[in-house]
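The numbering used here applies: residue 322 is where the sequence shown begins, and numbers increase by one.
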Amino acid sequence: MNAGKYCIPYFIIIGFMIRLITLQHADFLPPSEVKQEDELLFHQLIQSKLLETTKNTDRLKLPRKDYELIEKARRAQNPDLPDLTQNEIARCELIHALYYSAPGRFVINQIQQWNQRRQLAGIRDNRPQKIGDFKNEWQIMNTSGTFQTIPFMSEQFGYINHGELRSDFSNWLVVHPFKHDDFLRFQTQVHVNRDYHFTVQLIGSEPVKITETLIGSAPVQIYPAKNVSWLKPICSPHVSTKNKCNKQLARAFEIHFSLKKGRHQINIETQGIQNPHITEPGMHIQRDDKTLAFNWSSMNRRTFIKTDAPFIIRTADGVALTDSHGNPTPFTLENGLIPLIGIGKKTPFALYGLLARSQIPLQTNEIILSINSHIQAIAQQTLRHHINQMCMRDKKYGKKKYCKQRKASVVILNAKTGAILAAANHPLPPKNIHPWDLLTFDRFFSKNNPMTLQAWQGIGSHSAPGSSFKPVVVMAALDMQSYKNVNHMVQELSNASPLHDKASSIKDFYQSCISKNSKTYWKTKIFPCFTKPKNYSLTMTDAIMFSNNEWHKRLAVLMDGEKAFSYDSESLHNTSQFSDLPEFNLCRMAKRLGFGSFIDLAPHLDHTIRIRPDGNKNIEG
């Protein structure tokens, strides 16, 4: 029997074979076509079940290179076995394309990278880079197996900061062991001339073994040991348990060291854990977390031209906000502009990061904003003063927790041009923050992210723009005083008014009554409590002065409520087409006042690039 006949292409699969032939000769294809062949081959290997996953690790197992020879040998030894089926022939060709074509070699390289990056362990600390002449760094010692170090920690572990943005932490030392059960030993030396405290963050799994040696003395195993409280396990927010986070559930740890004067050597042993999401540059293989299906991600090249020319961002009066590398100046750090400017190119959604990736004319070495440094400094100082006053009041009345939760902003505009003269912000990020911490903190604790510019990005329960919009309601009503009901609201709303409503919540428009013996948190005026309903009189001046919600809401409904109700009713009954939106009086006034219009932060920049306050760029032409 001729063994070669088992892999001779049959007429019925000629089309499939032609496609595989192109895979074998892909060395001569242009790069874009090679990418397509890579993706095609990977998906065909998955569909043919030639790539299987190992249990508990999600690693991909490559098919045997000698698959075809094994099948031939089996049939040579046992002539009664049937000939290869069409599917088996196709599998032969796929394996041949995998091992003997350029796209196949690239797929193998991707699979090897995927398998290796499925396991990781990492470490870092908040020591300064140098203490005296001694450089502080961690090293990985090979206790078993082989490994590869790559300075990239998955953002999925951002929960290690536990809701607090930490400063002064170094970059991660990340290790990818080849075997899931390899033990990894991290080692460092600490040379100090006084008692010294620092914190280590560790990504790994139990068991964690820590030994500390004072150079010249015998090593001391300090963990595991009883009553060791400074090793704190931190669990992912996705771990659902009624109990507190423990070492068995944790994949991240914080270790607090307190060392005496001298030279110390610290060893920390742990095992790697499964990498939850591989997002490293150059990795095409991905896995859907929901379907657990493998995908091949084609990486499109950017269509814009990245500028490498250095530039400085300045205020309108010439104060530098960055250096030529995008690092913020002391003025930027002290005056609340760090969320707007960012930290160089490493904060891609802040202003410098956006501009660094934009098409900026080569001759541009300075970008001038409309912000005035003097007004910005005054606005930030005033905001800081009032926040401090509120925090002192918080502490006085036992509401200390409120101080950390406070968020505020001040925006000052030029009344004639609308130019942004200042954008003060609170809270501000601490100094010396690693970019990884900024990115991951926004992912897990976005509501507390101090890199959010509260002025126009922090819309939420702390900074909803409701009260700031009330004057727009009043101004729209003043234009409509010819309407009888609107005029009644503007003049006076009282028990005797035609608009009086017994069920209205506007009874005592100042506030609820407070007895003289009550302890009040805010400095408020004491109003006596009445046994009978109190008559009220609410004028436009009173409503604005006390920012009365009910009055403004009722006024808006009187102006546009009928139009809105008619529009909603028509839309419900006429589902085949959209009804024309009526011209609401409130919307017309808001538009007259500039709501929704464009404000340029950098009016002197090239006219083809306009920077919006929300950090987005608009490229025209």
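Heads up, the beta-carbon is just placed ideally off N, CA and C, and yes, glycines get one too.
Practice prompt. State the beta-bridge partners of residue 443 as determined by DSSP.
Written response: Stepping through the sequence shown from its first residue, residue 443 is reached at position 122. DSSP output for residue 443 lists 495, 524 as bridge partner(s).
Practice prompt. Give the range of the alpha helix (DSSP H) segment to which residue 633 is assigned.
Written response: Counting from one through the sequence shown, the residue named residue 633 turns up at place 312. Here residue 633 belongs to no alpha helix (DSSP H); instead the beta strand (DSSP E) covers 633–635.
Discussion item. For the structure I just gave you, are there three or more beta carbon pairs, one from the stretch 685–701 and one from the stretch 711–724, closer than 8 Å?
Written reply: They do not touch, by the three-pair rule.
Worksheet item: What is the DSSP secondary structure of residue 386, counted as helix, strand or coil?
Response: Taking the first residue of the sequence shown as 1, we reach residue 386 at position 65. It is coil, neither helix nor strand.
Item to complete: Pick helix, strand or coil for residue 326, following the three-state DSSP scheme.
Response: Taking the sequence shown and counting its residues from 1, one reaches residue 326 at position 5. Note on residue 326: pLDDT 44, under 50, position unreliable in the model; the coordinate value appears next. When DSSP states are grouped into helix, strand and coil, residue 326 belongs to the helix group.
Worksheet entry | Straight-line gap, residue 924 to residue 588 (C-alpha atoms, nearest Å) | Position 603 of the sequence shown, counting from 1, holds the residue named residue 924. Position 267 of the sequence shown, counting from 1, holds the residue named residue 588. One C-alpha to the other measures close to 56 Å.
Discussion item. Rounding to the nearest angstrom, what Cα-Cα distance links residue 618 and residue 599 in this structure?
Written reply: Taking the first residue of the sequence shown as position 1, residue 618 is located at position 297. Taking the first residue of the sequence shown as position 1, residue 599 is located at position 278. Near 12 Å, if we compare the C-alpha coordinates of residue 599 and residue 618.
Worksheet item: Does DSSP classify residue 925 as helix, strand or coil?
Response: Working through the sequence shown from its first residue, we reach residue 925 at position 604. Note: residue 925 maps to coil in three-state DSSP.
Discussion item. DSSP three-state label for residue 605, please.
Written reply: Within the sequence shown, residue 605 is the residue found at index 284, counting from 1. Coil.
Discussion item. Check this for me: beta carbons of residue 536 and residue 585, under 8 Å apart or not?
Written reply: The residue labelled residue 536 in the question sits at position 215 within the sequence shown. The residue labelled residue 585 in the question sits at position 264 within the sequence shown. Yes; because the gap between Cβ atoms is below 8 Å, this pair is in contact.
Discussion item. On the CB-based measure, 16 or more other CB atoms within 10 Å of its CB, does residue 591 come out buried or exposed?
Written reply: Residue numbering aside, residue 591 sits at position 270 when the sequence shown is read from its first letter. In summary, residue 591 is buried, with 16 or more beta-carbon neighbours lying within 10 Å of its beta-carbon over all protein chains present.
Item to complete: Compute the Euclidean distance between the alpha carbons of residue 685 and residue 741, then round it to the nearest angstrom.
Response: Counting from 1 along the sequence shown, the entry for residue 685 is found at position 364. Counting from 1 along the sequence shown, the entry for residue 741 is found at position 420. Annotation: residue 685 to residue 741 spans about 22 Å, alpha carbon to alpha carbon.
Item to complete: Helix, strand or coil for residue 595, going by three-state DSSP, please let me know.
Response: By 1-based counting over the sequence shown, the position of residue 595 is 274. Reduced to three states, the DSSP call for residue 595 is strand.
Worksheet item: The alpha helix (DSSP H) with residue 662 in it runs from where to where?
Response: For the purposes of this step, residue 662 is taken as the residue at position 341 of the sequence shown. Start and end: 659–662.
Worksheet item: What do you reckon, are the CB atoms on residue 751 and residue 488 nearer than 8 Å?
Response: Numbered from 1 along the sequence shown, position 430 holds the residue referred to as residue 751. Numbered from 1 along the sequence shown, position 167 holds the residue referred to as residue 488. Going by C-beta atoms, residue 751 is nearer than 8 Å to residue 488.
Item to complete: Please name the residue, chosen from 431, 495, 728, that lies closest to residue 460 on a Cα-to-Cα basis.
Response: Start at 1 with the first residue of the sequence shown, and residue 460 comes out as number 139. That would be 495, whose Cα lies nearest to the Cα of residue 460.
Discussion item. Please classify residue 878 as buried or exposed, where buried requires at least 16 neighbouring CB atoms within 10 angstroms.
Written reply: Within the sequence shown, residue 878 is the residue found at index 557, counting from 1. Residue 878 comes out exposed.
Practice prompt. Please state if the CB of residue 873 and the CB of residue 768 are separated by a distance shorter than 8 Å.
Written response: Translated into the one-based positions of the sequence shown, residue 768 becomes position 447. Translated into the one-based positions of the sequence shown, residue 873 becomes position 552. Using a Cβ distance threshold of 8 Å, residue 768 and residue 873 do not count as a contacting pair.
Discussion item. I'd like the span of the beta strand (DSSP E) that includes residue 485, first residue to last.
Written reply: Counting from 1 along the sequence shown, the entry for residue 485 is found at position 164. Taken as a continuous stretch (DSSP letters only), residue 485 belongs to no beta strand (DSSP E), as it is neither H nor E.
Item to complete: Check each candidate in 390, 419, 903 and name the one with the smallest Cα separation from residue 405.
Response: Position 84 of the sequence shown, counting from 1, holds the residue named residue 405. Out of 390, 419, 903, 390 has the C-alpha closest to the C-alpha of residue 405.
Worksheet item: Among 371, 647, 429, 451, which one has its Cα closest to the Cα of residue 410?
Response: Taking the sequence shown and counting its residues from 1, one reaches residue 410 at position 89. The shortest C-alpha to C-alpha distance from residue 410 to any of 371, 647, 429, 451 is the one to 371.
Fill in: Rounded straight-line distance, which links the Cα of residue 763 to that of residue 484
Start at 1 with the first residue of the sequence shown, and residue 484 comes out as number 163. Start at 1 with the first residue of the sequence shown, and residue 763 comes out as number 442. About 10 Å.
Discussion item. Our contact map puts residue 412 next to residue 369 with C-beta atoms below 8 Å; I'd like the distance itself, whole angstroms only.
Written reply: Counted from its first residue, the sequence shown places residue 412 at position 91. Counted from its first residue, the sequence shown places residue 369 at position 48. Separation of the CB atoms of residue 412 and residue 369 is rounded to 6 Å, and the pair is thereby assigned contact status at 8 Å.
Practice prompt. Could you tell me which residues DSSP puts in a beta bridge with residue 535?
Written response: Here residue 535 corresponds to residue number 214 of the sequence shown, with the count starting at 1. Residue 535 is bridged to 585.
Practice prompt. Give the secondary structure of residue 841 by DSSP, where H, G and I count as helix, E and B as strand, and everything else as coil.
Written response: The count along the sequence shown starts at 1 and reaches residue 841 at position 520. Below a pLDDT of 50, predicted positions are generally treated as unreliable, and residue 841, at 44, falls in that range; no measurement from the model is reported.
Practice prompt. Pick out whichever of 679, 697, 649, 477 has its Cα sitting closest to the Cα of residue 638.
Written response: In the sequence shown, residue 638 corresponds to position 317, counting from 1. Nearest option by C-alpha distance: 697.
Worksheet entry | Nearest-angstrom beta carbon gap, residue 716 and residue 748 [assumed within contact, 8 Å] | Taking the first residue of the sequence shown as 1, we reach residue 748 at position 427. Taking the first residue of the sequence shown as 1, we reach residue 716 at position 395. About 17 Å; that fails the 8 Å criterion.
Worksheet entry | C-alpha gap between residue 490 and residue 519, whole angstroms | Stepping through the sequence shown from its first residue, residue 490 is reached at position 169. Stepping through the sequence shown from its first residue, residue 519 is reached at position 198. Computed Cα separation, rounded: 10 Å.
Worksheet entry | Continuous alpha helix (DSSP H) stretch holding residue 408: start and end | Along the sequence shown, read from residue 1 onward, the residue named residue 408 stands at position 87. Taken as a continuous stretch (DSSP letters only), the alpha helix (DSSP H) holding residue 408 covers 407–421.
Worksheet item: Does DSSP put residue 368 in a helix, in a strand, or in coil?
Response: Position 47 of the sequence shown, counted from the first residue, corresponds to residue 368. Helix at residue 368.
Fill in: Selection from 514, 524, 516 that minimises the alpha carbon distance to residue 505
Taking the sequence shown and counting its residues from 1, the one referred to as residue 505 is at position 184. Of 514, 524, 516, the residue nearest in Cα terms is 524.
Worksheet item: On the three-state DSSP scale, how would you describe residue 506?
Response: Indexing the sequence shown from 1 puts residue 506 at position 185. Strand, per DSSP.
Discussion item. Which runs of the beta strand (DSSP E) at least 3 residues long sit entirely within the stretch 653–736? Give them in chain order.
Written reply: Positions of the beta strand (DSSP E) runs, each at least 3 residues long and wholly inside the stretch 653–736, are given as 687–689, 729–734 in order along the chain.
Worksheet entry | Per-residue DSSP class, three states only, for residue 877 | Along the sequence shown, one-based indexing puts residue 877 at 556. Reduced to three states, the DSSP call for residue 877 is helix.
Fill in: Proximity below 8 Å, CB of residue 688 to CB of residue 675
Along the sequence shown, read from residue 1 onward, the residue named residue 688 stands at position 367. Along the sequence shown, read from residue 1 onward, the residue named residue 675 stands at position 354. If you check the CB distance, residue 688 and residue 675 do not come in under 8 Å.
Worksheet item: Under three-state DSSP, which class holds residue 810?
Response: Position 489 of the sequence shown, counted from the start, is the residue given in the question as residue 810. Note: residue 810 maps to helix in three-state DSSP.
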